[in-house]
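FYI, in the UniProt record's numbering the residues of the sequence shown are 1 to 112.
Ideal Cβ placement from N, Cα and C applies to all residues, glycine included.
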Amino acid sequence: MAALRRNRRPTVPGAILKAHYMEPRAISVTAMADALGLSRKHVSQIVNGHKRVEPTTAARLALVLGTTPRFWMNLQAAVDEWDASVEIAGWTPSATFAPPLPVGNDAATPAA
Numbered sequence: 001m002a003a004l005r006r007n008r009r010p011t012v013p014g015a016i017l018k019a020h021y022m023e024p025r026a027i028s029v030t031a032m033a034d035a036l037g038l039s040r041k042h043v044s045q046i047v048n049g050h051k052r053v054e055p056t057t058a059a060r061l062a063l064v065l066g067t068t069p070r071f072w073m074n075l076q077a078a079v080d081e082w083d084a085s086v087e088i089a090g091w092t093p094s095a096t097f098a099p100p101l102p103v104g105n106d107a108a109t110p111a112a
């Protein structure tokens, strides 16, 4: 499947957390931090897009909000992929190599 092309940076997970989970339920940063077992500062940094959602935080969010860790990690991965593409824009590799070897059961089976 081809990657979705975008002309803007994906929305950070913290903005989704704020707009779709916290604001509609009038959940404060302090209340969310308490529920997640994290500091208020940590949650504030996530909500404001200054801190990434790490796997353990994604797991906590999933338990507190009834989502899945994958949901939060996919949101973060989209942002990370965008940021990486911007960072390497204009870069050209010094060498390229043959296509990767096949992955799967056939690749692990030695030739007879």
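Going by the beta-carbon positions, is the gap between Val-53 and Trp-82 smaller than 8 Å? Walking along the sequence shown from the start, residue 53 turns up at place 53. Walking along the sequence shown from the start, residue 82 turns up at place 82. It is not a contact, given that the beta carbons lie outside the stated cut-off.
Val-79 to Arg-9, Cα distance in whole Å? Counting from 1 along the sequence shown, the entry for residue 79 is found at position 79. Counting from 1 along the sequence shown, the entry for residue 9 is found at position 9. If you take the alpha carbons of Val-79 and Arg-9, they lie about 7 Å apart.
Would you check if the distance between the CB atom of Ala-33 and the CB atom of His-42 is smaller than 8 Å? Taking the sequence shown and counting its residues from 1, one reaches residue 33 at position 33. Taking the sequence shown and counting its residues from 1, one reaches residue 42 at position 42. Contact: yes.
Count the other CB atoms within 10 Å of the CB of Val-103; is the residue buried (16 or more) or exposed (fewer)? Taking the sequence shown and counting its residues from 1, the one referred to as residue 103 is at position 103. Of the other Cβ atoms in all chains shown, fewer than 16 fall within 10 Å of the Cβ of Val-103; this residue is therefore exposed.
Under 8 Å between the Cβ atoms of Arg-13 and Leu-65? By one-based count along the sequence shown, residue 13 stands at place 13. By one-based count along the sequence shown, residue 65 stands at place 65. In the sequence under discussion, the amino acid at residue 13 is Pro, which differs from the Arg named in the question. Contact: no.
Using a threshold of 8 Å, state whether the C-beta atoms of Thr-68 and Ala-77 are closer than that. In the sequence shown, residue 68 corresponds to position 68, counting from 1. In the sequence shown, residue 77 corresponds to position 77, counting from 1. No, the pair does not count as a contact, with Cβ atoms beyond the cut-off.
In whole angstroms, give me the CA-to-CA distance for residue 132 and Ala-59. Lying outside 1 to 112, the shown extent of the chain, residue 132 is not represented and no answer is given.
Smallest Cα separation from His-56: which of Arg-70, Ser-44, Val-47, Asn-48? To locate residue 56, count along the sequence shown from 1; it is residue 56. Sequence check: residue 56 is Thr here, not His. Per the Cα distances, Arg-70.
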